[in-house]
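Student: The opening position of the sequence shown corresponds to residue 633 in this note's numbering, with each subsequent residue numbered one higher.
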Amino acid sequence: MCNRTYDGVSGSFRLNEVGNRVIDMSVADMRDDDQSDGTFMRVGNYSSLTHSLTMIDEYKIHWPGDDGFVSGRPVCGFNDEICKRIALEQDYRLAVGLSVSVGVILLFAAIGIFVAFRMRHAQNKQLMNWWKINQDELHPIKSFVTKSTFSTIFHHSATNTNDVATSNCSICVYKGNIVRQLFLNDASVQSVSSLMKEFHEIRDINHPNLLRVLGACLEGEKKMLITEHCPKGSLQEVLMDSKFKLDTVFSLSILSDIVKALGYLHKHPLRVHGRLTSDVCMIDSRFSVKVGYYGLPTVYDEIKLQSQNQTLEKDLLWVAPELLRHGGKPTPQGDVYSLAIIMSEMLTREEPYSNDKEYLTIKEVLSKIIECQDPPFRPAVSAPPEMIPMETLMKQCWQESPEKRPSLSVITAVLHGLMQKVNKSGGLVDNLLQRLEKYSSNLEKIVDEKVDELRQEKQKSEELLKQMLPASVADRLKAGLTVEPEFYDCVSIYFSDIVGFTEICSILKPVQIVNLLNDVYTCFDAVIGNYDVYKVETIGDAYMVVSGLPSRNGSEHARQIARMSLALLSVVSGFTPLNTCEDQLKLRIGLHSGPVCAGVVGLKMPRYCLFGDAVNTASRMESNGVELKIHMSFNTADILKTFGKFIIQKRGALEIKGKGIMETYWLLGEED
C-alpha cells in the first residue's frame, strides 16, 4: 500500500514509503499593500505526484524588506555552526593547497639541488681530472715536417739521453695540434692522488713564457706527459749550434722572457721553479722562450732518477751552491743563480764550465762549487765589449750569498735599460722586425749552404750512378724514363781472370787480397777509360768489359777491345803479389764478338746486364786461354783482320765445352 497513488473523494492522493499521505499544497503570500487587509493570496501550487512547484506568473511573493527569499534559519545557523564549518572547510582546503604547493616547491627544490649538486660534482670531477687524456686522442705522426727550416737545424734526437728535457720524447697530434709527449715509468704514476694534487696546483698557470702542460695519459703500457711542442728545440740546442747567429738584442730578449716566466712563478703558489737550466727553456716558432719543467715534482723528479748518473750530475751545475751544500727546498734566489749560469752559456756559446771540464770531472767541478773559495768557483767567461753589461749582471746573479743576489724586479729593470741602449728605436715592433730580418738573412745563408751541399751530393750520386750504369742509361733513369731491353747485332766482349788466384788467396791475408784486387782494378779502370768500352762487372778476380753498346760504333768495337786488352796485358806486369813466389800477376784474357741483348735488371740495385750465347763464348775463350796471352774467337779475329794492323796468330781447332770444335786465335800485338 505504500508508495502508491489512490483516487479519493477529494481527488487523487499518494501514500509514501511509511504509509503517510502525501498531499498537495498551496503557497500563499500575505498581501501588505494599501488595498489589502492582511489576507493571504495563493501564488503557487505544489504537486505531490510530480514533486514540482508551479508558481502563478501574475503574482509574486513579497518578502520582508524586498530583499528576496528569506531562509528559515540564519545564514550561519542558530549557533554560528554553518559559518564555522565553512570556515573550517576553507581553512582545510587552504592548508591542503598550501601543503601541496609547499611540497611541490620543496620537491622541485630538492630535485634542483640534487641536479645542481650532481652537475657541480661532475664539474668538480672534470676540473680535478682535466689533466687526464685518453690514449685514443693521441695520434702518431708518421712523417713530421715542420713549417720552419730552423726546426731541422735545431732538431734534437729524442734518443739523446744526456739531456733530461729532450730524452724519452716524441711528437704526436692531440686535438689537431702537434704536441710533445714525455714517456714516464710506472714509479712516477703510482700515486694518482698525488698527481691529481700536483696537476691541480698548475691548472691555472697561463703565461706566454711558460710551457703549457696539457695533461697526462696513464692508459695502456706507455704512460706519458703531454706538453706544448716548441719546434725550435731548447735554448741549449740553439746555443750549441754555431750556425745560429745570437746577437745582443736577441740575447737580451731571451733573458727577458726567462725573467718574466720566473716572475710569474715566484708570485704563483708554486713560489719557485727549482729546475731551471738552458735545456728546459724551449724556443717556439716565434722565437720566444717558454720555460718548462715547473711543478709536478712526482713526475719530473722520477724522470731525473731514470736518467744516467752523468746527466744527474750535469744538471747540478745550474744549482745554487747553498742548495748543493745543505740540500733543502729550492728558493727564488736559487732560480736567480740558475739564470746566471744560463747567461754564461749565452756569452760563451758553450756548456757551463766547459773549459774546466777538460781536466776536471763533473764531480770535481761540483766539489769546487761547494767549497767556500774566494773568489767563488764559477764558469770562465770572456764577453765581447757589447756584452759587458750582461756579464756584470751575470756576476751579480751568481754571488755566493743568496741575499746579495738581485731580485727579479731589479734584473728586469737592468735588462730593460740594456735593451733601450742596444735597441735605439725602442719599439717592440721595430725590435721584432729587426730580429726577423736577421733571422731571414741568416736563414738565406743557411739555405744557400744547404743547397750547395745538396748540389754537390747530387753530383756525387750522379757520378756513382754513371759508374754503375752506362751514361746514356743513367740519364734516362734520372729523367724517370724506362730503359727497354735492346738487341745488338754485334759487340765485342772481354773476359779475364788471374791465373793461380786461389793459391794466392791461400797465402795472403784477407786484407792483403782486398788491397791487391783494389790496386789491380783501380789500374784497370784507369786504362779502360781511354777506350770506347763499358765495364760490365767484376766478380772476384774476373773482369768483364764490352764495346759496341749501349752506343753502337760499327765494327770499331773489336779494335777498341783488342787495344784495351793489349794495354791491360802490359800494365799487369807491374803487379807482384806480396809474400808469394810469383814474379808478377798472370792475366788470362778471352775475346769474342757476336750478338747480345742488353738491359737494366733490378730496381733496388739495378745492373746493366748482357744476355746471349756470345757472353758464354767469350767466357769459354778466357777459360781455355793461356796466362799472359789474349785468346780470341774466329769472329773477333775476322773483324780485326779488316783493319790490317793487328798481329794475329792462328791457334788452330780446339774443343770448347758446350761449343764443340772451334777455330781460335792469339792476339799478339798491333803494328805501329
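Ideal placement from N, C-alpha and C gives every residue a C-beta, glycine not left out. Keep in mind that this is a model prediction, so the values were computed, not measured.
Nearest to residue 1240 by alpha carbon, out of 748, 1097, 1135, 1271?
Tutor: Ranking the options by Cα distance to residue 1240, first place goes to 1097.
Student: Quickly, what does DSSP pair residue 812 with across the bridge? List them, please.
Tutor: In DSSP, residue 812 forms a bridge with 803, 859.
Student: Apart from the five residues just before and just after residue 780, which ones in its own chain have a Cβ nearer than 7 angstroms to its Cβ?
Tutor: Per-residue confidence for residue 780 stands at a pLDDT of 36, beneath the threshold of 50, marking its modelled position as unreliable; no derived number is given.
Student: Less than 6 angstroms between C-beta atoms, sequence neighbours within five positions excluded: which residues of the same chain meet that for residue 851?
Tutor: 767.
Student: If you pair each beta-carbon of the segment 893-906 with each one of the segment 839-846, do three or more pairs fall below 8 angstroms?
Tutor: Because the criterion of three Cβ pairs below 8 angstroms is met, the segment 893-906 and the segment 839-846 touch.
Student: Give the single residue among 1115, 835, 1100 whose Cα lies nearest to the Cα of residue 1177.
Tutor: Checking every option, the nearest Cα to that of residue 1177 belongs to 1100.
Student: I need the straight-line Cα distance from residue 1055 to residue 859, nearest angstrom please.
Tutor: The straight-line gap from Cα to Cα measures roughly 34 angstroms.
Student: Can you name the start and end residues of the beta strand (DSSP E) that residue 677 belongs to?
Tutor: Start and end: 672-679.
Student: In three-state terms, what does DSSP make of residue 1176?
Tutor: Residue state, collapsed to three classes: strand.
Student: Rounded to whole angstroms, how far is the Cβ of residue 1217 from the Cβ of residue 1143, which I believe are closer than 8 angstroms?
Tutor: 18 angstroms between Cβ atoms; not a contact.
Student: Here's the rule I'm using: 16 or more other beta-carbon atoms within 10 Å means buried, otherwise exposed. How should residue 706 be labelled?
Tutor: With fewer than 16 Cβ atoms within 10 Å of its Cβ, residue 706 is classed as exposed.
Student: How about residue 1224 and residue 1196: are their beta carbons less than 8 angstroms apart?
Tutor: No, these two residues do not count as a Cβ contact at 8 angstroms.
Student: Judging by CA-CA distance, which residue of 1118, 1272, 1003, 871 is the nearest neighbour of residue 1184?
Tutor: It is 1118.
Student: Within 10 angstroms of the Cβ of residue 662, are there 16 or more other Cβ atoms? Answer buried if so, exposed if not.
Tutor: Per the 10 Å Cβ criterion, exposed.
Student: Please confirm if the segment 1222-1238 is in contact with the segment 1103-1123, defined as three or more CB-CB distances below 8 angstroms between the two stretches.
Tutor: The segment 1222-1238 is in contact with the segment 1103-1123.
Student: Given a cut-off of 8 angstroms, decide if residue 812 and residue 762 are closer than it, judged by their beta-carbon atoms.
Tutor: Their beta carbons are not under 8 angstroms apart, which means residue 762 does not touch residue 812 by this criterion.
Student: Whose C-beta lies closer than 7 angstroms to the C-beta of residue 897 among residues of the same chain, with five residues either side of it excluded?
Tutor: Result list for residue 897: 904, 905, 926, in chain order.
Student: If you reduce the DSSP assignment to three classes, tell me which class residue 1012 lands in.
Tutor: In this structure, residue 1012 counts as coil in the three-state DSSP scheme.
Student: Please classify residue 638 as buried or exposed, where buried requires at least 16 other C-beta atoms within 10 Å of its C-beta.
Tutor: So residue 638 counts as exposed.
Student: Alpha carbon to alpha carbon, how far is residue 912 from residue 966? Give it in angstroms, no decimals.
Tutor: Taking the straight line joining both Cα atoms gives about 16 angstroms.
Student: Smallest Cα separation from residue 907: which of 881, 931, 951?
Tutor: Residue 951 is the option with its Cα nearest to residue 907.
Student: Under 8 angstroms Cβ to Cβ from residue 773, same chain only, skipping five residues before and after it: list those, please.
Tutor: Counting only Cβ-Cβ distances below 8 angstroms, and skipping sequence neighbours, we find 803, 804, 805, 810.
Student: Mark residue 1011 as exposed unless 16 or more other C-beta atoms lie within 10 angstroms of its C-beta, in which case mark it buried.
Tutor: The residue is buried, with at least 16 neighbouring Cβ atoms inside 10 Å.
Student: What is the rounded straight-line gap between the Cα of residue 1235 and the Cα of residue 1285?
Tutor: Rounded to whole angstroms, residue 1235 to residue 1285 spans 43 angstroms at the Cα level.
Student: Pick helix, strand or coil for residue 832, following the three-state DSSP scheme.
Tutor: Of the three classes helix, strand and coil, the one that applies to residue 832 here is helix, per DSSP.
Student: Go through its chain and collect everything with a Cβ distance to residue 1174's Cβ below 6 angstroms, but skip five positions before and after it.
Tutor: 1129.
Student: Looking at C-alpha atoms only, which residue of 644, 649, 676 is the closest neighbour of residue 659?
Tutor: Nearest option by C-alpha distance: 676.
Student: Note down, in chain order, each residue of its chain lying with its Cβ closer than 7 angstroms to the Cβ of residue 641, except the 5 sequence neighbours on either side.
Tutor: Closer than 7 angstroms at the Cβ level, and outside the excluded window around residue 641, lies no residue.
Student: For a test of the three-state rule: what should DSSP assign to residue 747, helix, strand or coil?
Tutor: DSSP places residue 747 in helix when its eight states are reduced to three.
Student: According to DSSP, is residue 876 part of a helix, a strand, or is it coil?
Tutor: Correct three-state label for residue 876: coil.
Student: Where does residue 1249 sit, in a helix, a strand or coil, going by DSSP?
Tutor: Residue state, collapsed to three classes: helix.
Student: Return the chain-ordered ranges of every alpha helix (DSSP H) run that is complete within the segment 935-991 and spans a minimum of 4 residues.
Tutor: Those alpha helix (DSSP H) runs which fall completely within the segment 935-991 and span 4+ residues are 941-947, 953-958, 964-980.
Student: Quick check: residue 1115 and residue 1131, are their CB atoms within less than 8 angstroms of each other?
Tutor: Contact flag unset, no.
Student: With distance defined between alpha-carbon atoms, name the residue in 672, 986, 756 nearest to residue 693.
Tutor: Selected option, being the one with the closest Cα: 672.
Student: Rounding to the nearest angstrom, what Cα-Cα distance links residue 791 and residue 856 in this structure?
Tutor: A caution first: residue 791 carries a pLDDT of 34, below 50, which makes its placement in the model unreliable, though a value can still be read off. The alpha-carbon atoms of residue 791 and residue 856 are separated by roughly 16 angstroms.
Student: Considering just the uninterrupted stretch of the beta strand (DSSP E) at residue 620, what are its terminal residues?
Tutor: No answer is possible for residue 620: it lies beyond the span of the chain, which begins at 633 and ends at 1304.
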